[in-house]
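Under our numbering, the first residue of the sequence shown is numbered 27, with each subsequent residue one higher.
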Amino acid sequence: MYEYKYVNKSRRTHPDNQGRPVQKSWITGDSPMRRDKYYAWMKHRSQASYRKQDHDITWEEFESIWTDELWENRGRGVDNNSMIRIDTEHGWSIDNVYIGKKSEYLKRASEYKK
């Protein structure tokens, strides 16, 4: 069973206590993994805006980049998957990102501090 990453377990309100309330009107439908991906995409877009970085990745592109198998191993640990920019001088676009291990990102950390 897929576990929600972004919901405080004490605030779950779904009748079967598995997560957020199901609303058919959501863009993601009733899939909990798609909802978490959509929420992550919105947060990613907002963080890029806050950092004054271009963000041209649409929801559909984000979903195609993050396959379900890659998404399952997404996280903050060094062995978890992360979206990484190829060229740090350019913004977030479908042609400038790839999914790699967090350890790859950390090896290039000095490039991101410019």
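Each residue gets a CB set at the ideal place from its N, CA and C atoms; glycine is no exception.
Contact under 7 Å by Cβ, residue i with residue j
| i | j | result |
| --- | --- | --- |
| M133 | N106 | It should be noted that the sequence gives Lys, not Met, for residue 133. No, they are not a contact pair. |
| G117 | D56 | no |
| W92 | K69 | no |
| I83 | I120 | yes |
| W97 | W85 | no |
DSSP state of residue i mapped onto helix, strand, coil
| i | result |
| --- | --- |
| N107 | strand |
| I120 | helix |
| K78 | coil |
| I53 | coil |
| R100 | strand |
| R71 | helix |
| W92 | coil |
| R60 | helix |
| E115 | coil |
Proximal residues to residue i (C-beta, below 6 Å), its chain only, five neighbours per side dropped
| i | result |
| --- | --- |
| G126 | I110 |
| R61 | T54 |
Close-in-space but distant-in-sequence residues of the same chain around residue i (CB under 8 Å, 5 per side omitted)
| i | result |
| --- | --- |
| E137 | T114 |
| V123 | I83, I91, M109, I110, R111, I112 |
| S75 | H81 |
Which residues DSSP lists as bridging residue i, in chain order
| i | result |
| --- | --- |
| K127 | N107 |
Residues near residue i in its chain [Cβ-Cβ closer than 7 Å; skip 5 each side]
| i | result |
| --- | --- |
| E89 | K63 |
| N99 | N106, N107 |
| E130 | I110 |
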